[in-house]
Amino acid sequence: MGTSTSPADMAAKKEQIMSSVKNEIALANAQELMNVCHRMAHHTTCPNESCFSKCVTKPGSSLSGSEQTCLSRCLDRYMEAFNIVSRTYITRISRERVEGQ
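Letter by letter, the sequence shown follows residues 1 to 101 of UniProt numbering.
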């Protein structure tokens, strides 16, 4: 006697596969984004270097409170911009994949 799979079991299995594929696509997109950022880093100044140059005008053995604050704010702004670009890039890639189907 053969085993039969119920429609509910098939739907659950399909959802599990779709979820797995979505996770793999998200991971691939994140990896590609990091690769793009890595390639860009060779052509531009890294944010930590830019922030350091801007915030630490007289390097010493330790950072002053104002230097620490400046570095923190500078890197926060960079991360905000990076997150906006990342979300925009992922949205665009997702839209292009949907349109390509």
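All residues carry an ideal CB built from backbone N, CA and C; glycine is no exception.
Since the structure is predicted, the reported quantities are computational estimates derived from the model, not experimental observations.
Item: Hey, quick one: how far does the alpha helix (DSSP H) through valine 98 stretch, first residue to last?; Value: 65–100
Item: Out of curiosity, what's the CA-to-CA distance linking valine 21 and cysteine 74?; Value: 37 Å
Item: Considering only residues of the same chain and omitting the five flanking positions on each side of glycine 65, which have a CB-CB separation below 8 Å?; Value: none
Item: How many angstroms separate the CA atom of serine 6 from the CA atom of asparagine 23?; Value: 26 Å
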